[in-house]
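Asker: Okay, here's the structure, questions in a sec.
Residue numbers (the numbering used here): 516 to 605.
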C-alpha cells in the first residue's frame, strides 16, 4: 500500500473526503516525526510503539575494495508492534 492508497482507505473508513484524509495522514506523520525528533516515544496501546534508538559507531568494509570504513553513530526510528497488531496479522 502506498501513501495515496492509505489516504483513500483512511478517508473511506472515517467517512472523510480525500482532502481531509490527506490532512489526517499528513498530520499523523508530522506529529510522529516531530515527537521522535524531540526524543519522545509514542505508544498506541494495541497497535505499537514508535521510538528512537541509538546505533553505535562501527567499522565496516567497502564491498568493492575491501577497504575499512568508519560508520558513525546515529539515531534511528524503530517501531515495535503491540500485542493486538501481532495477533491480527498472525
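Don't be surprised by glycine CBs; every beta carbon is placed ideally from N, CA and C. Bear in mind the structure is a predicted one, so any value in this text is a computation, not a measurement.
#1: Roughly how many angstroms lie between the CA atoms of residue 538 and residue 517, to the nearest whole one?
#2: To which residues of the same chain is residue 587 closer than 8 Å at the C-beta, ignoring the five residues directly before and after it?
#3: From the DSSP output, read off the bridge partner residues of residue 567.
#4: Under 8 Å, do residue 566 and residue 601 count as touching if we go by C-beta distance?
#5: Cα separation between residue 580 and residue 591?
#6: Helix, strand or coil for residue 519? Go by DSSP, reduced to three states.
Answerer: Reading it off the structure:
#1: 16 Å
#2: Same-chain partners within the cutoff: 572.
#3: In the DSSP assignment, residue 567 forms a beta bridge with 592.
#4: no
#5: Roughly 27 Å separates the two Cα atoms.
#6: helix
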